[in-house]
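Report on the structure given below.
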Amino acid sequence: MGWERSVPVDKVRVALIGCGRVARVHAAALARSSEATLALAVDIRPERAEAFAAQYGCQAETDWEKAINRSDIDAVEICTPHYLHAPMTIAAAEHGKHILTEKPMALRPSDADAMIRAAKEHGVTLGVIFQNRYNTASQAARQAVDSGEIGEIRGARAFLTWNRSDEYYSHSDWKGTWDKEGGGVLIDQAIHTLDLVQWLMGPAESVTATYDTRNHDMINVDDVAEATIRFQSGATASLYANCYYPYDADVFVELVGTKGMIRVIKDVAQIKVGNETRIVDPVTDPDQPTLGPGYWGQSHRLQINDFYRSVREGTRPYIDGEEGKKAMELVLAMYQSARLGAPVTLPLVEPLLPPEAKKLKRVPARVGAE
Ligand SMILES: NC(=O)c1ccc[n+]([C@@H]2O[C@H](COP(=O)([O-])OP(=O)(O)OC[C@H]3O[C@@H](n4cnc5c(N)ncnc54)[C@H](O)[C@@H]3O)[C@@H](O)[C@H]2O)c1
């Protein structure tokens with residue numbers, strides 16, 4: 002079907018489901034949106050929903066199923082634990098609500114497909130948050146690739162080395178679990194980096210990966226992983242990620258082409274062609290406050306406003322379900338490859354192998370902030 006959608010005339014009335022850490026950034030973005038407004042804060046913990054309602058002048062609700070039944074709600078923003086994204090999206094679509102879900106959109110490819118199908122069948126718009134595609138540096142990098150400025154891409158490397166302490170996991174009832182988070186550093190943190198790599202490199206063909214739990218006492222999801230991604234173009238990308246580095250170091254992505262190369266370091270791009278290097282700095286808006294920790298990037302508000310513009314115009318959102326599925330599928334293929342000890346070809350064929358039950362090593366406490 003095309004993109005004929007139910008189009009709200011006034012600002013889109015949003016229910017924010019899950020009022021935890023990232024939801025603060027969503028609420029602040031909605032408070033400044035020209036396209037949408039926060040109408041309802043929903044959290045299973047009443048004190049969280051009420052605190053959001055008091056701060057943002059909206060209503061509070063503890064039952065997300067009641068929220069999607071309301072006729073005065075046009076859309077939901079899903080900021081809940083990963084395993085809830087698929088059932089909440091599908092139910093919201095069935096109730097005619099547009100959906101913007103946080104990454105990863107799901108924990109299985111079949112769930113992602115069901116989400117995409119539900120949105121199409123019910124004529125609602127589905128978007129997936131990958132805000133870093135909106136960064137000025139990412140856009141400049143993509144333009145340098147698309148214009149042919151750096152030539153044919155030969156290869157890429159990407160590093161993410163952040164710090165997530167044992168306390169980060171022990172303070173959460175879902176992080177660090179295979180069933181609720183769906184993995185560790187790959188599916189939660191490195192997925193953003195992978196999304197940028199695949200968005201710049203084009204369709205992936207196969208993945209070979211390993212992961213381990215090396216430096217956390219109380220989780221058995223991956224806290225370190227490495228992967229080689231082979232693309233349909235013939236180029237390969239290498240990824241290394243861990244979440245036990247002493248601090249949240251700047252994410253590094255480099256693409257090498259036949260005519261030049263691109264480096265994106267956090268939110269700055271260096272584009273080198275011949276002897277010339279162009280630096281693309283982030284554009285800062287003095288009227289916009291910094292939202293969330295710096296390592297999340299500052300582009301949530303751009304994606305959120307853009308998503309609701311596409312809802313109101315009835316057009317395809319910049320990062321729709323199909324786009325949102327790509328990095329998720331790569332991550333799941335990496336887990337599958339590590340469990341098989343072999344390359345995995347895309348698209349990923351289910352069923353996924355379950356993670357091995359691991360006996361955790363006890364290591365001395367480390368220095369490092371969350
Ligand atoms: N894009 C980014 O840069 C970014 C950054 C951080 C987190 N995230 C994503 O945001 C999502 C949430 O992460 P977080 O760190 O904010 O988690 P969190 O644990 O801080 O918040 C989750 C909230 O969901 C609520 N919740 C759980 N079950 C619920 C239910 N059945 N109904 C209603 N509410 C429910 C919890 O009470 C909690 O308040 C995840 O998908 C995560 O990957 C994205």
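The numbering of the sequence shown is the working numbering, which starts it at 2 and goes up by one.
Backbone N, C-alpha and C define an ideal beta-carbon position, used for all residues, glycine too.
Suppose contacts are defined by Cβ-Cβ distances below 8 Å. Is residue 186 in contact with residue 129 by that definition?
For the purposes of this step, residue 186 is identified with residue 185 of the sequence shown, where counting begins at 1. For the purposes of this step, residue 129 is identified with residue 128 of the sequence shown, where counting begins at 1. No. Outside cutoff.
Helix, strand or coil for residue 96, going by three-state DSSP, please let me know.
Taking the first residue of the sequence shown as 1, we reach residue 96 at position 95. Residue state, collapsed to three classes: coil.
At a cut-off of 7 Å, would you count residue 300 as near ligand 1, judging by its Cβ distance to the nearest heavy atom?
One-based indexing of the sequence shown puts residue 300 at position 299. No, the beta carbon of residue 300 sits no closer than 7 Å to any heavy atom of ligand 1.
Residue 211 - DSSP class collapsed to helix/strand/coil:
Within the sequence shown, numbered from 1, the residue matching residue 211 stands at position 210. The answer is strand: DSSP assigns residue 211 an E or B state.
What first and last residue would you give for the beta strand (DSSP E) that runs through residue 62?
Within the sequence shown, the letter at position 61 stands for residue 62. Run containing residue 62: 60 to 62, per the beta strand (DSSP E) assignment.
Using the DSSP secondary-structure output, state which residues sit across from residue 49 in a beta bridge.
By one-based count along the sequence shown, residue 49 stands at place 48. None, per the DSSP bridge assignment.
Burial state of residue 22, where buried means 16 or more other Cβ atoms lie within 10 Å
Taking the first residue of the sequence shown as position 1, residue 22 is located at position 21. Result: exposed.
Got a sec, what are the start and stop residues for the beta strand (DSSP E) residue 135 sits in?
Counting from 1 along the sequence shown, the entry for residue 135 is found at position 134. Careful: residue 135 lies outside any beta strand (DSSP E) and carries neither H nor E.
Helix, strand or coil for residue 20? Go by DSSP, reduced to three states.
For the purposes of this step, residue 20 is identified with residue 19 of the sequence shown, where counting begins at 1. Of the three classes helix, strand and coil, the one that applies to residue 20 here is coil, per DSSP.
In the structure shown, what three-state DSSP assignment does residue 242 receive?
Within the sequence shown, numbered from 1, the residue matching residue 242 stands at position 241. Strand, per DSSP.
Please look up how many angstroms separate the CB atoms of residue 249 and residue 136, rounded, as I've assumed it's under 8 Å.
Residue numbering aside, residue 249 sits at position 248 when the sequence shown is read from its first letter. Residue numbering aside, residue 136 sits at position 135 when the sequence shown is read from its first letter. Between residue 136 and residue 249 the Cβ distance is about 16 Å, and since that is not below 8 Å, they are no contact.
How about residue 37 and residue 57: do their beta carbons lie closer than 8 Å?
Working through the sequence shown from its first residue, we reach residue 37 at position 36. Working through the sequence shown from its first residue, we reach residue 57 at position 56. No, these two residues do not count as a Cβ contact at 8 Å.
Should residue 244 be counted as a contact of ligand 1 given a C-beta to heavy atom distance under 7 Å?
What you label residue 244 is simply residue 243 of the sequence shown in a count that begins at 1. No - ligand 1 has no heavy atom lying nearer than 7 Å to the Cβ of residue 244.
Identified DSSP bridge partners for residue 304
On the sequence shown, residue 304 is found 303 positions in, with the first residue counted as 1. Within the DSSP bridge table, the entry for residue 304 names no partner.
If we call anything under 8 Å between Cβ atoms a contact, is residue 243 one with residue 162?
In the sequence shown, counting from the first residue as 1, residue 243 sits at position 242. In the sequence shown, counting from the first residue as 1, residue 162 sits at position 161. Yes; because the gap between Cβ atoms is below 8 Å, this pair is in contact.
Here's a check: name, in chain order, each residue in its chain whose Cβ is nearer than 6 Å to the Cβ of residue 240, leaving out the five neighbours to either side.
Taking the sequence shown and counting its residues from 1, the one referred to as residue 240 is at position 239. So the list reads 159, 228, once near-sequence residues are dropped.
Residue interval of the alpha helix (DSSP H) (run including residue 333):
Here residue 333 is taken as the residue at index 332 of the sequence shown, counted from 1. Run containing residue 333: 322 to 341, per the alpha helix (DSSP H) assignment.
Residues in the same chain with beta-carbon distance under 6 Å from residue 372, minus the five sequence neighbours each way, listed in chain order, please.
Outside the modelled stretch of the chain, which goes from 2 to 371, sits residue 372, for which no answer is possible.
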